[in-house]
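Chemist: Just dropping this structure here.
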Amino acid sequence: MEQEEPIKRKFEGTVVSDKENKTLRVEVERLKQHPLYKKRYTVTKKYAVHDEDNEGKEGDVVQFQECRPISKTKRWRLTDIVESS
21 MEQEEPIKRK FEGTVVSDKE NKTLRVEVER LKQHPLYKKR YTVTKKYAVH
71 DEDNEGKEGD VVQFQECRPI SKTKRWRLTD IVESS
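Residue numbers (my numbering): 21 to 105.
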């Protein structure tokens, strides 16, 4: 039997830091709804994203996806720059 490739999660977010070599800090915002009161609120999370060519700059909107562990905190890799700052 052939092994199927696992589905890799993809996100889109804004680069908030590009100071590290080959690493971007990307902030992803999403809306969440309170289970009881039904109020919607924003939840933000920052991801460490691997950028092999150092092409992402602060303020860019980028797409990234899940990959093998690259370091202690990096499990994401840059796939596309959607909008340059």
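Backbone N, C-alpha and C define an ideal beta-carbon position, used for all residues, glycine too.
Round the Cβ separation of Glu-22 and Lys-42 to the nearest angstrom and send it over; I've been treating them as touching at under 8 Å.
Modeler: One-based indexing of the sequence shown puts residue 22 at position 2. One-based indexing of the sequence shown puts residue 42 at position 22. At roughly 33 Å, the Cβ-Cβ gap does not stay under 8 Å, so Glu-22 and Lys-42 are not in contact.
Chemist: What is the DSSP secondary structure of Tyr-57, reduced to helix, strand or coil?
Modeler: On the sequence shown, residue 57 is found 37 positions in, with the first residue counted as 1. In this structure, Tyr-57 counts as coil in the three-state DSSP scheme.
Chemist: Identify every residue that forms a DSSP beta bridge with Gly-79.
Modeler: Your numbering for residue 79 matches position 59 in the sequence shown. Note: Gly-79 sits in no beta bridge, so no partner.
Chemist: Report the partner residues of Lys-42 according to the DSSP bridge assignment.
Modeler: As a first step, residue 42 must be located in the sequence shown, where it is residue number 22. Answer by DSSP bridge pairing: none, since Lys-42 is not bridged.
Chemist: Starting from the Cα of Gly-7, find the closest Cα among Pro-55, Glu-24, Lys-39 and Ala-68 and give me that residue.
Modeler: The chain is shown only over 21 to 105; residue 7 falls outside these bounds and no answer can be derived.
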